[in-house]
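Reviewing the structure listed below.
Here you go:
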């Protein structure tokens, strides 16, 4: 019986000595889209069309002041240069492009890293509801 009481007392002392530490979440760095991006993969309705069309000349450039520029246009969300905004700078899920003289267009945004390379996945329907595109872009060094 004494051993049982001693065991219980030891357990109480052990549990009482535990220190609860609160760990504050680390703030996520804002996502940086600044730079020139090129298409590395394109799908239409789930079919890879990367090698069917010439995507090599297209570039999407984001600057640090909230502007975007299109180089060598192709079927895309917008057809003119303008302003861009993220729905949340730390955890963006939507990208809004507002072309000069046009209406804002919002698309889903995925910002994964693959093999150490940051990518942008943009999903959109440019007009005809039957055609859904996903462009995967990487920074053009």
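Numbering (this note's numbering), first residue to last: 115 to 255. Every residue gets a Cβ at the ideal spot worked out from N, C-alpha and C, and that includes glycine.
For residue 155, the enclosing beta strand (DSSP E) has its first and last residue at 149-158. Contact check for residue 163 against residue 157 passes: the beta carbons are separated by less than 8 Å. Counting of Cβ neighbours within 10 angstroms places residue 251 among the buried residues, the total reaching 16 or more. With 16 or more other CB atoms across the displayed protein chains lying within 10 angstroms of its CB, residue 172 is buried.
The stretch 117-127 and the stretch 201-216 do not touch, with fewer than three beta-carbon pairs separated by less than 8 Å. Rounded to whole angstroms, the separation of the alpha carbons of residue 195 and residue 216 is 10 Å. Judged by DSSP in its simplified three-state form, residue 244 adopts coil rather than helix or strand. Remark: C-beta atoms of residue 223 and residue 182 do not approach each other more closely than 8 Å.
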